[in-house]
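What follows is one structure encoded as structure tokens, with my remarks underneath.
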Amino acid sequence: MRSAIAKYFDSYTDAAPLAVFRIGFGIMMLASIIRFWLNGWIEKLYILPEFHFSYYGFEWVKPLGDFTYLLFIICGLAALFVALGYKYRIAIIIFFLSFTYIELMDKTTYLNHYYFISILSFLMIFLPANAYFSIDAWKNLKRSFQKIPRWCIDSIKLLLGIVYFYAGLAKINSDWLFRAMPLKIWLPSKYDLPLVGDFMQQEWVAYAFSWSGMLYDLFIPFLLLWKRTRLFAFLMVIVFHVLTRVLFPIGMFPYIMIVSALIFFSPKVHHKILETISTWFRINRQRFDNSRLLFPNSKARKFLLSVVGAFFVIQLLFPWRYLMYPGELFWTEEGFRFSWRVMLMEKAGFAQFKIVDAETGKGFLVTNSDFLTPFQEKQMSFQPDFILEYAHFLADHFREQGHENIEVYVESYVGLNGRKSVPYISPDVNLLNFADSFERKTFILPFNDEIKGL
Amino acid sequence: MKRISSIILIATLIFTACSTGDDGSGNGGGNETDSFDRGAMLVNWADNIIIPAFSDFKTSTQQLEELTLAFTQDPSEENLVALRNEFENSYIEFQAVAMFDIGKAEEVGFRRFLNTYPLDAAAVEDKISSGSYNLELPSSFDEQGFPAMDYLLNDLGENDSEIVTKYSSENYSNYLVDVAQRINSLTSEVNASWQGDYRDNFVSNTSSSSTGSVDKLTNKFVMYYEAFLRSGKIGFPSGVFTGSPSPINVEAYYSKDLSKELYLEALESVTDFYNGNGSGDSYKQYLEFLDRGELASDISSQLTAIEAQASNLDASLRRQVETDNTKMLEAYDELQKGVVLFKLDMMQALSISIDYVDSDGD
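This is how it looks when you write it as structure tokens:
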């Protein structure tokens, strides 16, 4: 057993799949950054709002005013350098840092796939993605290798596998499978799609989509791994992601996943891709085919393997942290993020804050739109950590205005997966008595229903 | 071989998907799978609710302009009373169109020019005495429309004869005429657009995106309910947002007993729109189609509860605020429950997003 493991870590494979992955990743990221900019989202999401919701422990990460644009330029350039494989190591480090900084600026914009990009780029720091078909390898033949350790490519497959499989596990719950929620709400609103519009209004379609979505997520990593089902699985990947793209406002993510899934194919396929690129740009590809093996020295190797090993242990365990909290995960959202719960629930809220003078007992209501953008208000209204952070912000604001003995209360309602809205946060709790933390939030009212499953 | 096996697999999947579907709809019972016709809902909204309301309102603002001219040409108490009656009538009919801030109305700032209150009475007096002003400027929102007429017809003297004497001054007459004409011309413009091309544009735009008519008008409707019915008519005067009651924020502040009637009229318009006016489909039927009949009836009963609470209110909300503000706060609480039902539950059930932020989801 032990020798089998040792043998695995000593085995080598062709570097082409990782090179193709690097190129695809870099181009996709560059396109995402440009698209984000052109949509005016930098201004709308990071410049205009006067208040930003921070991740616990990252309160110091804030938008940089007009320099935020510079941050996006740096991130975009780093992505381009990654694609070219030029000064790869420093480029991917800069990409990871700038991209992650952007994501940490305001948690209103949290998306699982942004988190995926962040951790994937972190992993790529430790992979020799510039060993083959890169400017680095072209310029310095000493650093050009045609063969790399096999685990380097497998680690990306593993990460993709975790994302899919965990997303599938999260769908094993009674709302998703037996009430077809939230698809039963989302699909009928797509009534105007050509050809399938009427279809989307049928209840059985919501069930069929729910079940096949769950099965797809659970099994696709294995179908991609197994040679005999690989082509079929890849077709499924395309169909699935194109479908989600048509149905939901999901941005670049489907394309990123489709391109990423190419890594499962054999080196032969990747050499074909590189050959095509070579003819477009008249690159002498043979220069890279040196049959050299990349041998990291044992110290470096130990370091790489322990970092990557620790990374995967965290990835495997982190999504389960919700088990340490009592109560329904969908309701409290304690441990909801960073765990591949993708398009899993339809949740919306309404939160009316009241500022009270503790001495006189008099108070007044807050108009959220005075402080928050519609998007921020929407996200704040159903997530307890947002509600808490906003309450503290309001207290600071009104204290500055000269109000004294401030207490902040909220009357809030949340509707989850087609249930009628019910009170969410305890209305007679002064939110200023609580600071954000990883402890359970006792001011959340009980769910009074049950969602069975993982 | 590989190709063939994958084709077989896909075919099997499609087949099983379809056959489970047949079982599903067979057992579905009351849940008929006909699709809801949003196009028909838009037609009902346009032809049976919005267009008749604008057309009636237009007749009334025309009358308002004519009576204003009659009064200023011959300022008598009799003409003043006739004009004031028409003013009240018009203001009431305005409540039936105020929520349709879409198309031309949105473009010209219809609601803001016709009904921004509280009025800046001092600015109005300044402009009257200087005789130079431009009512088309956005900065003059709160110097015209119904609130200005409310002031000019009710507050220029202790009694009608005192008011009438003010109109011996040409400056007052001119301003009143300009205000009435502006109300009428803006209304004509919006009415004409509904009589013309806009109706077809509106009805045919059945897209489910945020630019589709259902999405847009639903956002307008819910926003009207929250910001204008709840906050404007009840919230601001009762002082819920500041902690101190503010009578000056009452709509039709200078009229004797008009404010509650305006409130009730607006509430009724909202209720009618929600119910589809008995002439076709609207939100209520849409929710029922989506299996959310319970929510539909909850909204209906909340609207009834709001109306019932209103019977405790004084005919003048200004007097209500000044004498017993708690009843105003009670009205606010009832309206607030409606906000939760409309803005949260109904929007969620219809899968319409509240804002126009077009960011990605996961």
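Protein sequences, first through last, are from chains P and R.
For the first sequence, the positions run 55 to 508 when our numbering is used.
For the second sequence, the positions run 2 to 363 when our numbering is used.
In this text, a Cβ means the ideal position worked out from N, Cα and C, and glycines have one as well.
Note that the structure is predicted; figures quoted are calculated from it, not measured.
Whole angstroms is fine: what's the gap from residue i's alpha carbon to residue j's?
{"i": "K495(P)", "j": "V468(P)", "result": "16 Å"}
{"i": "N175(R)", "j": "E157(P)", "result": "59 Å"}
{"i": "Y152(R)", "j": "A122(R)", "result": "8 Å"}
{"i": "M83(P)", "j": "Y309(P)", "result": "11 Å"}
{"i": "L263(R)", "j": "D102(R)", "result": "18 Å"}
{"i": "I170(P)", "j": "L296(R)", "result": "Inspection of the sequence shows that residue 170(P) is occupied by Phe rather than by Ile. F170(P) and L296(R): Cα-Cα distance of roughly 38 Å."}
{"i": "P119(R)", "j": "Y376(P)", "result": "51 Å"}
{"i": "A228(R)", "j": "F222(R)", "result": "10 Å"}
{"i": "M397(P)", "j": "Y275(R)", "result": "30 Å"}
{"i": "A234(P)", "j": "L470(P)", "result": "13 Å"}
{"i": "S77(R)", "j": "T219(R)", "result": "46 Å"}
{"i": "E329(P)", "j": "R76(P)", "result": "16 Å"}
{"i": "G119(P)", "j": "G94(P)", "result": "15 Å"}
{"i": "D24(R)", "j": "L237(P)", "result": "Note that D24(R) scores a pLDDT of 33, beneath 50, so its modelled location is shaky and nothing firm can be said."}
{"i": "N202(R)", "j": "G251(P)", "result": "21 Å"}
{"i": "L359(P)", "j": "S57(P)", "result": "16 Å"}
{"i": "I312(P)", "j": "F273(P)", "result": "16 Å"}
{"i": "N250(R)", "j": "A99(R)", "result": "18 Å"}
Take residue i and list the residues in its own chain whose beta-carbon comes closer than 8 Å to its own, dropping the five residues that flank it on each side.
{"i": "I179(P)", "result": "R143, I146, I147 and F150"}
{"i": "N344(P)", "result": "L195, S198, F199 and Q200"}
{"i": "A71(R)", "result": "N80, A83 and L84"}
{"i": "L177(P)", "result": "S209, I210, L213, V362 and F365"}
{"i": "L282(R)", "result": "The question names Leu, but residue 282(R) in the sequence shown is Asp. Excluding residues within five positions, the ones whose Cβ falls inside 8 Å are F37, D38, A41, M42 and N45."}
{"i": "M329(R)", "result": "I235, P238, S239, P246, L314, L318, Q321 and V322"}
{"i": "D57(R)", "result": "E94 and A97"}
For residue i, which residues in chain R fall below 8 Å Cβ to Cβ?
{"i": "D120(P)", "result": "Ordered by position in chain R, no residue passes the 8 Å Cβ test against D120(P), which lies about 21 Å from the chain."}
{"i": "Q406(P)", "result": "Q337"}
{"i": "D208(P)", "result": "Under the 8 Å cutoff, chain R gives no residues; its nearest Cβ is about 23 Å from D208(P)."}
Do residue i and residue j have their C-beta atoms within less than 8 Å of each other?
{"i": "L187(R)", "j": "V109(R)", "result": "yes"}
{"i": "I409(P)", "j": "G417(P)", "result": "yes"}
{"i": "A191(P)", "j": "I202(P)", "result": "no"}
{"i": "P438(P)", "j": "I505(P)", "result": "no"}
{"i": "A316(R)", "j": "V204(R)", "result": "no"}
{"i": "Y436(P)", "j": "K474(P)", "result": "The identity of residue 436(P) in the sequence shown is Phe, whereas the question assumes Tyr. No; because the gap between Cβ atoms is not below 8 Å, this pair is not in contact."}
{"i": "I1(R)", "j": "L268(R)", "result": "Shown here, chain R extends from 2 to 363; a query on residue 1(R) therefore has no answer."}
{"i": "N116(R)", "j": "F88(R)", "result": "no"}
{"i": "V293(P)", "j": "L247(P)", "result": "no"}
{"i": "Q63(R)", "j": "N185(R)", "result": "yes"}
{"i": "E465(P)", "j": "Q406(P)", "result": "yes"}
{"i": "S188(P)", "j": "L131(P)", "result": "no"}
{"i": "P350(P)", "j": "D68(P)", "result": "no"}
Which whole-angstrom value describes the C-beta separation of residue i and residue j, a residue pair presumed to lie in contact below a C-beta threshold of 8 Å?
{"i": "L278(P)", "j": "F288(P)", "result": "7 Å"}
{"i": "V191(R)", "j": "F55(R)", "result": "6 Å"}
{"i": "S152(P)", "j": "I173(P)", "result": "Not a contact, Cβ separation roughly 15 Å."}
{"i": "S209(R)", "j": "K244(P)", "result": "6 Å"}
{"i": "N227(P)", "j": "L508(P)", "result": "6 Å"}
{"i": "R339(P)", "j": "S332(P)", "result": "4 Å"}
Taking 7 Å as the limit between beta carbons, can you name the residues of its chain near residue i, skipping five residues before and five after?
{"i": "N90(R)", "result": "S61"}
{"i": "D334(R)", "result": "none"}
{"i": "M159(P)", "result": "Y100, H106, V115, K116 and P117"}
{"i": "I59(P)", "result": "none"}
{"i": "P380(P)", "result": "R494"}
{"i": "S480(P)", "result": "F497 and L499"}
{"i": "L125(P)", "result": "L118, S152, Y155 and I156"}
{"i": "E289(R)", "result": "A297"}
{"i": "L68(R)", "result": "A83, L84 and E87"}
Residues of chain P with CB under 7 Å from residue i, in chain order?
{"i": "A367(R)", "result": "Coverage of chain R is limited to positions 2 through 363, which leaves residue 367(R) absent and any answer about it impossible."}
{"i": "N36(R)", "result": "For the sequence presented, residue 36(R) should be read as Ser rather than Asn. Within chain P, the residues near S36(R) are Y245, D252 and Q255."}
Leaving out five residues on either side along the sequence, give the residues of the same chain with a beta carbon under 6 Å from the beta carbon of residue i.
{"i": "H324(P)", "result": "A70, P71 and V74"}
{"i": "N206(R)", "result": "G213 and S214"}
{"i": "F343(R)", "result": "V223 and Y226"}
{"i": "G30(R)", "result": "Note that G30(R) scores a pLDDT of 34, beneath 50, so its modelled location is shaky; the value from the coordinates is reported in the next line. Cβ neighbours of G30(R) beyond the five flanking positions: none."}
{"i": "A106(R)", "result": "V191"}
Which residues of chain P have a Cβ atom closer than 8 Å to the Cβ of residue i, listed in chain order?
{"i": "T243(R)", "result": "F418"}
{"i": "A297(R)", "result": "By Cβ distance, chain P contributes nothing, its closest Cβ being about 11 Å from A297(R), past 8 Å."}
Would you mind telling me which residues of chain P sit closer than 9 Å to residue i, beta carbon to beta carbon, in chain order?
{"i": "T207(R)", "result": "Y245 and D246"}
{"i": "I355(R)", "result": "A402, P428, E431 and K432"}
By the criterion of Cβ-Cβ separation under 9 Å, what are the contact partners of residue i in chain R?
{"i": "T421(P)", "result": "S232 and F242"}
Taking Cβ-Cβ distances shorter than 7 Å, what residues in chain R pair up with residue i?
{"i": "G469(P)", "result": "L345, D346 and Q349"}
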